[in-house]
Structure formats: structure tokens, C-alpha cells
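Comments concern the structure below.
Residue numbers (the working numbering): -18 to 102.
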């Protein structure tokens, strides 16, 4: 039996479909994706730095990191340097983490600095 690199994916529910026309998961029209010439591009790694963080804010950040880790299966590495919390992660994880951090730390004093590929955002 020959191994196939093509499958049907629903862009609505993001699930695989056995039917090439109608999604077997949600019932919407699906498209055929051919991955024979596809190339996987790894995510870019960088850091999110939170300056001037106190213990209460650190606890809130750790709760957010745990939530994003458990909900989206992302990994983070954290360490403290001169009163700042450094969070190492990839750009995909950062996209999930940063909005939650901004919501959690709204009204607090820490500054959030984001740097990927050596460019602060």
C-alpha cells in the first residue's frame, strides 16, 4: 500500500475530514490539501520581558503561563534578571500569551517588552 501525503481538512472546524466535499465533523464544504511539496517552517524563538515585576504580578503571570501551557500545549522557560521576568518562547506561544498578560496586568506598573529575531516589538 502506498503512503499518501494528501488529506482533506476543514478550514472551519480545523479537523480532518474523510469526505472531500463535506466535512464529516461539522458539515461545511472542505478543500483538498496536497502536502507533497510542503515545507515546514519552524517557529521563531524570542523573549518576552516584563520589567519591574513584584510578587503579586509574578503570581498572576505564572497563572497565565500555566493557563496558556495547559490550554494551547505551548512551552515557556522563565527566569528573573535584575528585577525583570524573562519568558523564552516561540512566536506561536507568544501570540497566545501576550494578550492574556496584557489583560491580567492591566492597571499594573510593569512594562512588557517583546523581542523576536532581535527586533523589539
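Beta carbons are placed, not taken as given, at the ideal position from N, Cα and C, and that holds for glycine.
Assumed close pair residue i, residue j - CB separation to whole angstroms, cut-off 8 Å
i, j, result
"residue 50", "residue 57", "7 Å"
"residue 95", "residue 76", "Not confirmed; about 10 Å, so no contact."
"residue 79", "residue 55", "Residue 79 to residue 55, Cβ: 12 Å. No contact."
"residue 11", "residue 3", "7 Å"
Beta-carbon gap between residue i and residue j smaller than 8 Å
i, j, result
"residue 65", "residue 46", "no"
"residue 71", "residue 42", "no"
Sequence-distant residues of its chain with Cβ nearer than 8 Å to residue i (five each side left out)
i, result
"residue 81", "45, 48 and 49"
"residue 86", "31, 38, 41, 42 and 93"
"residue 7", "-9, -7, -6 and -4"
- Message: Does the region 86 to 96 come into contact with the region 30 to 40, if we say contact requires no fewer than three beta-carbon pairs (one atom in each stretch) closer than 8 Å?
- Response: yes
| Are the region 20 to 36 and the region -12 to -3 touching, with three or more C-beta to C-beta distances below 8 Å? | no
Can you list the beta strand (DSSP E) stretches of 3 or more residues lying completely in the region 38 to 65, in chain order? 58 to 62
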